[in-house]
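Novice: Protein chains in written order, with the numbering used here: chain A, 1 to 230; chain B, 1 to 104.
Where is the CB? At the ideal position from N, CA and C, for every residue including glycine.
Please read these numbers as outputs of a predicted model, since none were measured by experiment.
As structure tokens, then:
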């Protein structure tokens with residue numbers, strides 16, 4: 001059996017390639033948070049408390065658009081609902097763990113750590129295999145906190161003319177690259193995007209993110225159903 | 001709500017979705033159909049951030065003409081589809097945007 005530390009180290013090594021895109025993402029977050037009016041301490045606290053790139057960017061986007069707190073919080077919840085999908089996959093590997101480990105691992109469970117550790121957990125049956133997930137998660141944590149910090153510092157030096165806020169849609173676009181190849185996903189993307197754009201001014205309380213997401217999921221539901229009947 | 005309360009609540013809801021997946025959700029709770037629908041969550045939610053950020057200007061109006069973000073986003077998308085690289089997508093989009101606003 002491998003030692004806890006060795007598995008932890010393996011987690012760090014495996015997740016490293018996925019950290020390259022996290023660097024600009026963290027920098028952009030730090031820069032934008034200051035730009036929309038959060039203090040440096042609040043910005044750092046967001047990365048420490050929320051520790052989720054998509055959640056934090058959605059928060060900034062809606063906050064700067066003047067959305068109410070309730071809408072911001074429920075939109076963040078909607079963005080996170082993708083995590084529920086992972087639950088069906090990963091929980092069986094962690095079901096023997098003590099509650100305290102589940103509480104700790106939950107904090108570190110982000111997209112990248114899930115992606116690499118899910119593979120590892122499937123192939124290895126050592127009872128301490130979850131250290132892989134802790135290693136990957138801790139690596140992301142260090143990168144995310146340090147790039148947020150750098151972003152906060154750089155923020156003052158980056159001219160507004162550069163239009164760095166455009167990096168936000170680009171980052172989310174980048175997260176969808178694999179979905180552009182699938183027909184149903186493309187339809188869902190277009191429906192959600194159109195609803196959000198045209199509903200931006202008409203859907204009350206800036207709830208356009210939630211309404212567009214529901215419209216997209218509803219489209220997916222109809223299209224996948226039809227597909228099966230044929 | 002103060003900024004601090006907002007940050008705490010957003011942190012709490014993010015943490016709870018993660019915790020529920022480890023501690024509460026069991027494989028049996030989701031049938032294949034629900035799992036199939038949930039796999040569309042990124043495609044359903046991210047465009048709601050992407051599209052308004054590209055098409056809606058600072059005045060809150062839809063802007064199609066004279067909007068370099070549209071072309072830059074299309075270039076980024078094409079690069080993304082072919083490279084499947086997150087970082088290439090982001091940088092090609094930013095580079096084309098800067099090219100369009102500073103050079104063209």
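Could you tell me whether the Cβ of residue 94 (chain B) comes closer than 8 Å to any Cβ of chain A?
Specialist: Counting from one through the second chain, the residue named residue 94 (chain B) turns up at place 94. Output row for residue 94 (chain B): interface = yes.
Novice: Output yes or no for whether 8 Å exceeds the beta carbon distance between residue 101 (chain B) and residue 175 (chain A).
Specialist: Taking the first residue of the second chain as 1, we reach residue 101 (chain B) at position 101. Taking the first residue of the first chain as 1, we reach residue 175 (chain A) at position 175. The answer is no: Cβ separation not under 8 Å.
Novice: Would you report the Cα separation of residue 197 (chain A) and residue 65 (chain B), rounded to the nearest angstrom?
Specialist: The residue you call residue 197 (chain A) lines up with position 197 of the first chain. The residue you call residue 65 (chain B) lines up with position 65 of the second chain. In a straight line, the C-alpha of residue 197 (chain A) is about 15 Å away from that of residue 65 (chain B).
Novice: Could you check what DSSP says for residue 37 (chain B) in three-state terms: helix, strand or coil?
Specialist: As a working note, residue 37 (chain B) is residue 37 in the second chain. Helix.
Novice: Could you please tell me which residues of the stretch 28 to 48 of chain B, in chain order, have their CB closer than 8 Å to any CB of chain A?
Specialist: Under the 8 Å Cβ criterion, the stretch 28 to 48 of chain B contributes 29, 30, 35, 36, 37, 38, 39, 40, 41, 42, 43, 44, 45, 46, 47, 48.
Novice: Would you check if there are 3 or more beta carbon pairs closer than 8 Å linking the stretch 134 to 150 of chain A to the stretch 5 to 19 of chain A?
Specialist: Yes: the two stretches touch, three or more of their Cβ pairs being nearer than 8 Å.
Novice: Taking Cβ-Cβ distances below 7 Å as the criterion, which residues of the stretch 143 to 154 of chain A are in contact with chain B?
Specialist: Residues passing the 7 Å Cβ filter: none.
Novice: Assuming residue 192 (chain A) contacts residue 207 (chain A) (C-beta within less than 8 Å), just tell me the rounded distance between them.
Specialist: For the purposes of this step, residue 192 (chain A) is taken as the residue at position 192 of the first chain. For the purposes of this step, residue 207 (chain A) is taken as the residue at position 207 of the first chain. Not quite, the Cβ-Cβ distance comes to about 14 Å (not below 8 Å), so this is no contact.
Novice: Suppose you measure from the CA of residue 223 (chain A) to the CA of residue 78 (chain A); what does that come to, to the nearest Å?
Specialist: Along the first chain, read from residue 1 onward, the residue named residue 223 (chain A) stands at position 223. Along the first chain, read from residue 1 onward, the residue named residue 78 (chain A) stands at position 78. Computed Cα separation, rounded: 21 Å.
Novice: Give the single residue among B:6, B:71, B:40 whose Cα lies nearest to the Cα of residue 55 (chain B).
Specialist: To locate residue 55 (chain B), count along the second chain from 1; it is residue 55. Comparing Cα positions, the closest option is B:71.
Novice: Using the Cα positions of residue 230 (chain A) and residue 4 (chain A), report the straight-line distance between them to the nearest angstrom.
Specialist: Looking up residue 230 (chain A) in the first chain gives position 230. Looking up residue 4 (chain A) in the first chain gives position 4. Low confidence applies here, because residue 230 (chain A) scores a pLDDT of 46, under 50, leaving its location unreliable; read the following figure in that light. Answer to the nearest angstrom: the Cα atoms are 50 Å apart.
Novice: Give, in chain order, every residue of the stretch 37 to 61 of chain A whose Cβ lies closer than 7 Å to some Cβ of chain B.
Specialist: Per Cβ criterion, the list reads 38, 42, 45, 46, 49, 50, 52, 55, 58, 59, 61.
Novice: Compare the beta carbon distance of residue 144 (chain A) and residue 22 (chain A) with 8 Å and say whether it is the shorter of the two.
Specialist: Position 144 of the first chain, counted from the start, is the residue given in the question as residue 144 (chain A). Position 22 of the first chain, counted from the start, is the residue given in the question as residue 22 (chain A). A contact, by the Cβ cut-off of 8 Å.
Novice: Show which residues of chain B have a CB atom less than 9 Å away from the CB atom of residue 174 (chain A).
Specialist: As a working note, residue 174 (chain A) is residue 174 in the first chain. The answer, in chain order, is 76, 80, 85, 86, 87, 88, 89, 90, 93.
Novice: In its own chain, which residues sit with a C-beta less than 7 Å from the C-beta of residue 95 (chain A), not counting the 5 before and 5 after it?
Specialist: What you label residue 95 (chain A) is simply residue 95 of the first chain in a count that begins at 1. There are no such residues.
Novice: Could you check whether residue 209 (chain A) and residue 7 (chain B) sit closer than 8 Å to each other, using their CB atoms as the reference points?
Specialist: The sequence position of residue 7 (chain B) within the second chain is 7, counting from 1. The sequence position of residue 209 (chain A) within the first chain is 209, counting from 1. No. Outside cutoff.
Novice: Among the candidates A:181, A:75, A:167, A:104, whose CA atom is the shortest distance from the CA of residue 23 (chain B)?
Specialist: Counting from one through the second chain, the residue named residue 23 (chain B) turns up at place 23. Minimum Cα distance to residue 23 (chain B) is reached at A:104.
Novice: Counting only Cβ pairs nearer than 8 Å, list the residues of chain B close to residue 76 (chain A).
Specialist: Sequence index remark: in the first chain, residue 76 (chain A) carries index 76 (1-based). Per Cβ cutoff of 8 Å: 10, 13, 14.
Novice: Tell me whether the beta-carbon of residue 3 (chain B) lies closer than 8 Å to the beta-carbon of residue 42 (chain A).
Specialist: On the second chain, position 3 is the one that residue 3 (chain B) refers to. On the first chain, position 42 is the one that residue 42 (chain A) refers to. It is a contact, given that the beta carbons lie within the stated cut-off.
Novice: Less than 8 Å between the C-beta atoms of residue 30 (chain A) and residue 149 (chain A), yes or no?
Specialist: Your numbering for residue 30 (chain A) matches position 30 in the first chain. Your numbering for residue 149 (chain A) matches position 149 in the first chain. The answer is yes: Cβ separation under 8 Å.
Novice: What are the boundary residues of the alpha helix (DSSP H) that includes residue 119 (chain A)?
Specialist: Locating residue 119 (chain A) in the first chain gives position 119, where the first residue counts as 1. Taken as a continuous stretch (DSSP letters only), the alpha helix (DSSP H) holding residue 119 (chain A) covers 111 to 123.
Novice: So, with DSSP's three-state summary, where would you put residue 230 (chain A)?
Specialist: Translated into positions along the first chain, residue 230 (chain A) becomes position 230. In this prediction, residue 230 (chain A) has a pLDDT of 46, which is less than 50 and means its spatial position is unreliable; what the coordinates show is noted afterwards. DSSP places residue 230 (chain A) in coil when its eight states are reduced to three.
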